[in-house]
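Data block below; observations after.
Protein chains: 2
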Amino acid sequence: MSGRALLQHFGDAKMALERLPDLARRGGAAHGGRICTIDEANAELAACNKIGVSLVAPGADAYPPRLATLDDAPPVLGVRGVPDTLMRPMIAIVGSRNASGAGLKFASQLARDLGETGFVVISGLARGIDQAAHRATVGSGTIAVLAGGHDKIYPPEHEDLLAALLDQGGAISEMPLGHVPRARDFPRRNRLISGAALGVVVVEAAHRSRSLITARMAAEQGREVFAVPGSPLDPRAAGTNDLIKQGATLVTEAADIINAVEPIMERPIALSAREDDGEPLDFDADATDRARITALLGPSPVSLDDLIRMSGASPAVVRTVLLELELAGRLERLGGGLVSMI
Amino acid sequence: MSGRALLQHFGDAKMALERLPDLARRGGAAHGGRICTIDEANAELAACNKIGVSLVAPGADAYPPRLATLDDAPPVLGVRGVPDTLMRPMIAIVGSRNASGAGLKFASQLARDLGETGFVVISGLARGIDQAAHRATVGSGTIAVLAGGHDKIYPPEHEDLLAALLDQGGAISEMPLGHVPRARDFPRRNRLISGAALGVVVVEAAHRSRSLITARMAAEQGREVFAVPGSPLDPRAAGTNDLIKQGATLVTEAADIINAVEPIMERPIALSAREDDGEPLDFDADATDRARITALLGPSPVSLDDLIRMSGASPAVVRTVLLELELAGRLERLGGGLVSMI
Numbered sequence: 012m013s014g015r016a017l018l019q020h021f022g023d024a025k026m027a028l029e030r031l032p033d034l035a036r037r038g039g040a041a042h043g044g045r046i047c048t049i050d051e052a053n054a055e056l057a058a059c060n061k062i063g064v065s066l067v068a069p070g071a072d073a074y075p076p077r078l079a080t081l082d083d084a085p086p087v088l089g090v091r092g093v094p095d096t097l098m099r100p101m102i103a104i105v106g107s108r109n110a111s112g113a114g115l116k117f118a119s120q121l122a123r124d125l126g127e128t129g130f131v132v133i134s135g136l137a138r139g140i141d142q143a144a145h146r147a148t149v150g151s152g153t154i155a156v157l158a159g160g161h162d163k164i165y166p167p168e169h170e171d172l173l174a175a176l177l178d179q180g181g182a183i184s185e186m187p188l189g190h191v192p193r194a195r196d197f198p199r200r201n202r203l204i205s206g207a208a209l210g211v212v213v214v215e216a217a218h219r220s221r222s223l224i225t226a227r228m229a230a231e232q233g234r235e236v237f238a239v240p241g242s243p244l245d246p247r248a249a250g251t252n253d254l255i256k257q258g259a260t261l262v263t264e265a266a267d268i269i270n271a272v273e274p275i276m277e278r279p280i281a282l283s284a285r286e287d288d289g290e291p292l293d294f295d296a297d298a299t300d301r302a303r304i305t306a307l308l309g310p311s312p313v314s315l316d317d318l319i320r321m322s323g324a325s326p327a328v329v330r331t332v333l334l335e336l337e338l339a340g341r342l343e344r345l346g347g348g349l350v351s352m353i
Numbered sequence: 012m013s014g015r016a017l018l019q020h021f022g023d024a025k026m027a028l029e030r031l032p033d034l035a036r037r038g039g040a041a042h043g044g045r046i047c048t049i050d051e052a053n054a055e056l057a058a059c060n061k062i063g064v065s066l067v068a069p070g071a072d073a074y075p076p077r078l079a080t081l082d083d084a085p086p087v088l089g090v091r092g093v094p095d096t097l098m099r100p101m102i103a104i105v106g107s108r109n110a111s112g113a114g115l116k117f118a119s120q121l122a123r124d125l126g127e128t129g130f131v132v133i134s135g136l137a138r139g140i141d142q143a144a145h146r147a148t149v150g151s152g153t154i155a156v157l158a159g160g161h162d163k164i165y166p167p168e169h170e171d172l173l174a175a176l177l178d179q180g181g182a183i184s185e186m187p188l189g190h191v192p193r194a195r196d197f198p199r200r201n202r203l204i205s206g207a208a209l210g211v212v213v214v215e216a217a218h219r220s221r222s223l224i225t226a227r228m229a230a231e232q233g234r235e236v237f238a239v240p241g242s243p244l245d246p247r248a249a250g251t252n253d254l255i256k257q258g259a260t261l262v263t264e265a266a267d268i269i270n271a272v273e274p275i276m277e278r279p280i281a282l283s284a285r286e287d288d289g290e291p292l293d294f295d296a297d298a299t300d301r302a303r304i305t306a307l308l309g310p311s312p313v314s315l316d317d318l319i320r321m322s323g324a325s326p327a328v329v330r331t332v333l334l335e336l337e338l339a340g341r342l343e344r345l346g347g348g349l350v351s352m353i
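Here the protein sequences line up with chains D and F, keeping their order.
The opening residue of the first sequence carries number 12 in my numbering; numbering runs sequentially from there.
The opening residue of the second sequence carries number 12 in my numbering; numbering runs sequentially from there.
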């Protein structure tokens, strides 16, 4: 379900939250695998308030505008920090956790230059490149995207960095409080890093590294992909050199990025193409739809397009059922519009 | 004057040599700045024979076929080594003279891989990348393009390398014996390196380095341009990274080159577009043409196209006059079709 559809469905952020327990009841939403009650939803809201986390829906203040354009934009996002920073144009900087000294130095320099030009740097609070990018932009504004709940920071030694960056920047998560991030949460989280940004810069990445998944997601989301070159003899540059061969823009300085994204910034933020085709907003899945769509799902990945075609249901209904299943913890989104049952 | 035009004009290599003293007499050809007599031309031939240098014209055996397609192909080329090797498909490898250890290692590896695939590696016998590329392909076939005469090897410490590579490879020069290479001979020589090859690979080059001129010439000659990436923090990669930004193909392994040149190899070697338009072969410049064209020339570079347009003479006549002036040592070719009086 896209940001715009949800926004039109829920009206505004407050309504989204009021609707959350309702959706939970209808679809069997999960909270650590269990069905979530209205009381539990209210308890979550109270706990969020306590640590300064606001729950916002697409279109609301502090919900990064480009993130709201994703087909799989989080219906509710937990945000902390400076709301204005979350609304500014962002560039994602990602890369190896075990980066080289040169990679860390370059990431810092690039992040600082982008920050001085007015861009917010968004990353994943991981060790290595992420850390260097956040640290260099604590003063100019940086956003950390968390794979777990706002109270389960990973890695734990970056809690100080997070506290420092909240002063001018922010942190976002689509996970409930108390959620300890598991391996599979990271690729899911990465779609938010790329989705909120104008483009993603990959600084050092080996073959098959996690950062390359972020780059792939960025391309699928229509975001710009940038890569920092390196010697062919350096395995930490193998992934970035490959990205350039595949068409990513080679980056040696901030100007390479700014020149590429400036024309995009001048255009109004485009909503998802799927929602622009004037499709009627018909979200009310009946039991037949639900059964038909659920029957098409299994452990093998299947695309949203195939589900729409095979079920004969409207795209909006398919997305509503998938959201219900996802909230129930029964569905996994794999990127590229692919989903599978857990 | 293009290779094909000259070939049609002179008939064959033997005739080219017989014509050389004739042209010299007509245009006032230079030999160390003096007018060259028939006796001096014959003495040059005898001296060449003595050290195993053959003088060949475009289209002759041992005249690299792609070199003959250049508009400014040398009318006479001094060649040594294995004639068959000079006729095989070539890839140029060039780069910094003060290359890094990684750059030298990569150049060797790439050259060896290309050699094993059947390509002849062509380069400039310089220190650094050139040396590494030649040395790695002594066994598979490599061509050294000299900036001076065959008896004036630069740098002198590479005489042993040259002797070793002649066993399976070759050396070519458009300069007469005894010519000690000057700074301005190197860019002129570089057009032969790129012109004889299917493509040029630049391995490590700083900003404004000489290798970038070779890359520019390659692009102007319609040859493929390849560049090896490096860290943005490494000044020796600044030039190659820039080339990739400008559209050069990023190279991390020989396959990147082979995939790009294979489709070109399947096409017959194209002669110069200028000669393909069926222009009549009218080379006989009269005194008026000569005066008019010479008057248009000065120390400022002017393009061949402008000379043709401004003089009103046929392209063939303009090229004949330029060749006469060049043989007289009064004209310098600057690459990109630009010429100036010396």
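Quick reminder that beta carbons are idealized off the backbone N, C-alpha and C, glycines included.
Just so we're clear, the structure is a prediction, and the values are computed from it rather than from any experiment.
When the beta-carbon positions are compared, D:D83 and D:R200 stay at least 8 Å from each other.
Between the segment 223-242 of chain D and the segment 250-257 of chain D, the count of C-beta pairs closer than 8 Å reaches three or more; the two stretches touch.
Among the residues of chain D, those whose CB is under 7 Å from the CB of F:T263 are P243, N252, following chain order. The way I'd put it, the segment 214-233 of chain F doesn't touch the segment 208-225 of chain D; fewer than three beta-carbon pairs between them come closer than 8 Å. Within the model, the alpha-carbon separation for F:M276 versus F:D316 is close to 29 Å.
If you draw a straight line from the Cα of F:L56 to the Cα of F:S311, it comes to about 35 Å.
At least one beta carbon of chain D lies nearer than 8 Å to the beta carbon of F:F117.
By DSSP's assignment, D:E343 forms a beta bridge with D:S351.
Put simply, the CB of D:V239 is near chain F, with a gap under 8 Å to one of its CB atoms. Around the beta-carbon of F:P100, 16 or more other beta-carbon atoms lie within 10 Å, marking it buried.
For D:I140, no Cβ of chain F is located within less than 8 Å of the residue's own Cβ. Relative to the Cα of D:G180, the nearest Cα in the group D:T80, D:A266, D:P274, D:G126 belongs to D:G126. Put simply, the segment 302-310 of chain D does not touch the segment 158-168 of chain D. Fewer than three CB pairs are less than 8 Å apart. Distance from the Cα of F:G135 is smallest, within the candidate group F:K116, F:G106, F:A271, for F:G106. Annotated three-state conformation of D:R91 is strand, per DSSP.
A check of alpha carbon separations from D:P192 across D:I319, D:A137, D:L66 identifies D:A137 as the nearest.
Boundaries of the alpha helix (DSSP H) harbouring D:L176: 170-176, taken from the DSSP string.
The contact set of F:I255 on chain D, defined by CB atoms closer than 8 Å, consists of P240, I255, L261 in chain order. Look at F:V64 here: in three-state DSSP terms it is coil, with no helix or strand label. When only Cα atoms are considered, F:V329 and F:P69 end up about 20 Å apart. Counting every other CB atom within 10 Å of its CB across the protein chains shown gives F:A302 a total below 16, marking it as exposed.
Shown here for F:T96: same chain residues with a beta carbon closer than 6 Å to its own, the five before and five after excluded, namely V131, G152, G180, G181 in chain order. Contacts between D:A58 and chain F, judged by CB atoms closer than 7 Å, are missing: the closest CB pair is about 45 Å apart. If you look at F:I104, you'll find it in the beta strand (DSSP E) that goes 101-106.
The Cβ-Cβ distance between D:L173 and D:A155 falls below 8 Å.
In this chain, the beta strand (DSSP E) harbouring D:I154 covers 153-156. Contact annotation for D:A113 against chain F: S242, L244 [CB-CB distance below 7 Å, chain order]. Counting along the chain, the unbroken beta strand (DSSP E) around D:F237 starts and ends at 235-238.
Around the C-beta of D:Q142, 16 or more other C-beta atoms lie within 10 Å, and the residue is accordingly described as buried. Within the same chain, and ignoring the five residues on either side of D:I224 in sequence, the residues whose Cβ sits closer than 8 Å to its Cβ are P198, N201, G346. Looking at the DSSP output, F:G181 bridges to F:G92, F:I154. Collapsing the DSSP output to three states places F:G210 in a strand. For F:V272, the enclosing alpha helix (DSSP H) has its first and last residue at 265-277. Distance from the CA of F:S65 to the CA of F:A73, rounded to the nearest whole angstrom, comes to 9 Å. Around the beta carbon of D:A194, fewer than 16 other beta carbons lie within 10 angstroms, which makes this residue exposed.
DSSP places F:I140 in no beta strand (DSSP E) but in the uninterrupted alpha helix (DSSP H) bounded by 140-147.
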